[in-house]
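Each remark here refers to the structure printed beneath this line.
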Amino acid sequence: MSRMASASIDTEDETCPVCKTTRYFNKDMEFRINPECYHRMCKTCVERIFRDGPNQCPYAGCHKTLRLRGFKTAFFADLAVEREVDIRRRVAAVFNKAEDDFQSLTPFNDYLDMVETLTDELVNGDENTRTKAQARLADWEAQHRADIERNKRLARESDEARQKRLAAESEAARARRQADLAQEAADRADDARLREEMLDSLTSAETGRAAEALNRVMLKKRGQHKQAPTTSSTAGLSIRGLRTKASSNMSSASANKPYDPFGGLSMTPSRVDVSLEALSLYHSEWVDAVRSKDEFRVGGYSAEEYVGRALFEAFSGLGIDIAEEKAVSDTTAVSTAGTKEAVLTSHTTAQLEAVNS
1 MSRMASASID TEDETCPVCK TTRYFNKDME FRINPECYHR MCKTCVERIF RDGPNQCPYA
61 GCHKTLRLRG FKTAFFADLA VEREVDIRRR VAAVFNKAED DFQSLTPFND YLDMVETLTD
121 ELVNGDENTR TKAQARLADW EAQHRADIER NKRLARESDE ARQKRLAAES EAARARRQAD
181 LAQEAADRAD DARLREEMLD SLTSAETGRA AEALNRVMLK KRGQHKQAPT TSSTAGLSIR
241 GLRTKASSNM SSASANKPYD PFGGLSMTPS RVDVSLEALS LYHSEWVDAV RSKDEFRVGG
301 YSAEEYVGRA LFEAFSGLGI DIAEEKAVSD TTAVSTAGTK EAVLTSHTTA QLEAVNS
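Per UniProt numbering, numbering through the sequence shown is continuous, rising by one, with the last residue being 357.
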């Protein structure tokens, strides 16, 4: 049954409804549609009926007057989808405002809702609804013709700018590929030259001095590789706002220190001891049970972390003066956030020490 249904559907799709010609007899048959009524017919019927001028659609019950220049080849097999795409393209050409044209998001959303409502009326409405929607579309186009043309011009300019940007990115990528190929060729040439120098050194070296000559060539190669990244990185670096800092007065010890975002300022809490030894002194019935049972510890739960968090919540608000808080709110906020970060850091360190031990 399904085979018969599919065969009938294929036959209808391959048959011209006007002249009843099938693709079996005409392999080059092309179907055309007109956006006025979206009735499908073959190219031969279109040229035969509408070649001498406008004429009525040959479909029974259709009274649309069609012209030859209005016919086109359908892009979608489903003509309902083709019709909706054409309507949306027509509406988008008239309602072409962008989000930047509105003062806030609310009127822009109202504008989009109005456009979608009008589109739905044109696509799915009855004859009366479609007629009213067409009138509203024509009125809007007549009243906002200047804005529509301006938005079209801006869209073309933005498309041109985007094309230029894509072309520039493509050119930059091509330049990078060429630079990489040139670098690979230079590396191969350096390797070949180094191999020749190594062979020459081994050949011309005195007896027992071959290892010394080989080491001398290898040291030379290492020096070249050490200098190459420095020159390439400094040549291509161009960051706005960066300034060259003198490193002559920096000691090697300070340069090798890890980066400290607080600049040496200690954020360790002073009102409570959150060290691992101090936190282990707090006891309660269920905390001791958590410490002793493997089913809690195997998942990574730490009773010391809970105790430290409870102490932090208990002592974090002490010592704060309301008057000073209003005067130096920014400083206090930074200090409180830093204290919390230090507590969490100490908890993490304690956990790592406990795991390592």
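Backbone N, C-alpha and C fix where the C-beta goes; we use that ideal spot for every residue, glycine too.
Between residue i and the rest of its own chain, which residues show a CB-CB distance below 6 Å, the 5 nearest in sequence each way excluded?
i           : result
VAL18       : MET41, CYS45, PRO58
residue 396 : Residue coverage of the chain in this structure runs from 1 to 357, which leaves residue 396 outside it and unanswerable.
GLU99       : PHE108
GLU14       : THR22, ARG23
ASN151      : ASN96
ALA74       : ILE33, GLU82
PHE296      : VAL290
SER170      : none
ALA168      : none
List the whole-angstrom C-beta distance separating residue i from residue j, where the pair is believed to meet the contact cut-off of C-beta under 8 Å.
i      : j      : result
VAL290 : ALA278 : The Cβ separation is near 18 Å, so there is no contact.
LYS72  : ILE33  : 7 Å
THR119 : VAL91  : 5 Å
LEU311 : VAL272 : 5 Å
GLU157 : ILE148 : About 15 Å separates the two Cβ atoms, so there is no contact after all.
Decide if residue i is buried, meaning its Cβ has at least 16 other Cβ atoms within 10 Å, or exposed.
i      : result
GLU30  : exposed
PHE95  : buried
ILE87  : buried
ILE239 : With a pLDDT of only 44 at ILE239, under the threshold of 50, the placement of this residue in the model should not be trusted; the figure read from the coordinates follows. Under this definition ILE239 is an exposed residue.
LYS121 : Correcting the residue identity first, residue 121 is Glu in this sequence and not Lys. By the neighbour-count rule (16 or more Cβ atoms within 10 Å), GLU121 is buried.
ALA133 : buried
GLY53  : exposed
PHE50  : buried
LEU137 : buried
VAL298 : exposed
CYS62  : exposed
THR231 : Residue confidence for THR231 is low, a pLDDT of 44 falling below 50, so the modelled location carries little weight and cannot support an answer.
Short of 8 Å in beta carbon distance, which residues of its chain neighbour residue i, apart from the five on each side in sequence? Order them along the chain.
i      : result
THR129 : GLU121
VAL307 : LEU279, TYR282, VAL287
ASN256 : none
ASP139 : none
Among the residues of its own chain, which have a CB less than 7 Å from the CB of residue i, if the five just before and after it don't count?
i      : result
GLN143 : none
ARG89  : none
GLY300 : none
LYS27  : none
Is residue i near the ligand HEM, judged by its Cβ being under 7 Å from some heavy atom?
i     : result
ALA93 : You won't find the ligand HEM in this model; it holds no ligand whatsoever.
Strictly under 8 Å for the Cβ-Cβ distance: is residue i near chain D by that measure?
i      : result
HIS144 : Structure shown: chain D not included; a single protein chain is present.
- Query: Okay, do the stretch 52 to 71 and the stretch 80 to 95 touch, 3+ Cβ pairs below 8 Å being the bar?
  - Reply: The stretch 52 to 71, when compared against the stretch 80 to 95, does not touch it at the 8 Å Cβ threshold.
- Message: Three Cβ pairs or more, each shorter than 8 Å: is that satisfied between the stretch 65 to 77 and the stretch 105 to 113?
- Response: When C-beta atoms of the stretch 65 to 77 are compared with those of the stretch 105 to 113, fewer than three pairs fall below 8 Å, so the two segments do not count as touching.
- Sequence ranges, beta strand (DSSP E) only - wholly within the stretch 257 to 307, length at least 3: If we require 3 residues or more, the stretch 257 to 307 turns out to have no beta strand (DSSP E) run fully inside it.
- Task: Jot down the residue ranges of each uninterrupted alpha helix (DSSP H) in the stretch 19 to 81, minimum 4 residues, whole runs only, in chain order.
- Result: Qualifying alpha helix (DSSP H) stretches, in chain order: 43 to 50.
- Item | Contained alpha helix (DSSP H) runs [length at least 4] in the stretch 75 to 155, N- to C-terminal order | Counting only runs of 4+ residues, the alpha helix (DSSP H) found wholly inside the stretch 75 to 155 occupies 79 to 94, 105 to 124, 127 to 143, in chain order.
- Query: Along the chain, which unbroken stretches of the alpha helix (DSSP H) at least 4 residues long are found entirely within the UniProt region "Disordered" (154 to 189)?
  - Reply: List check, alpha helix (DSSP H) in window: nothing returned.
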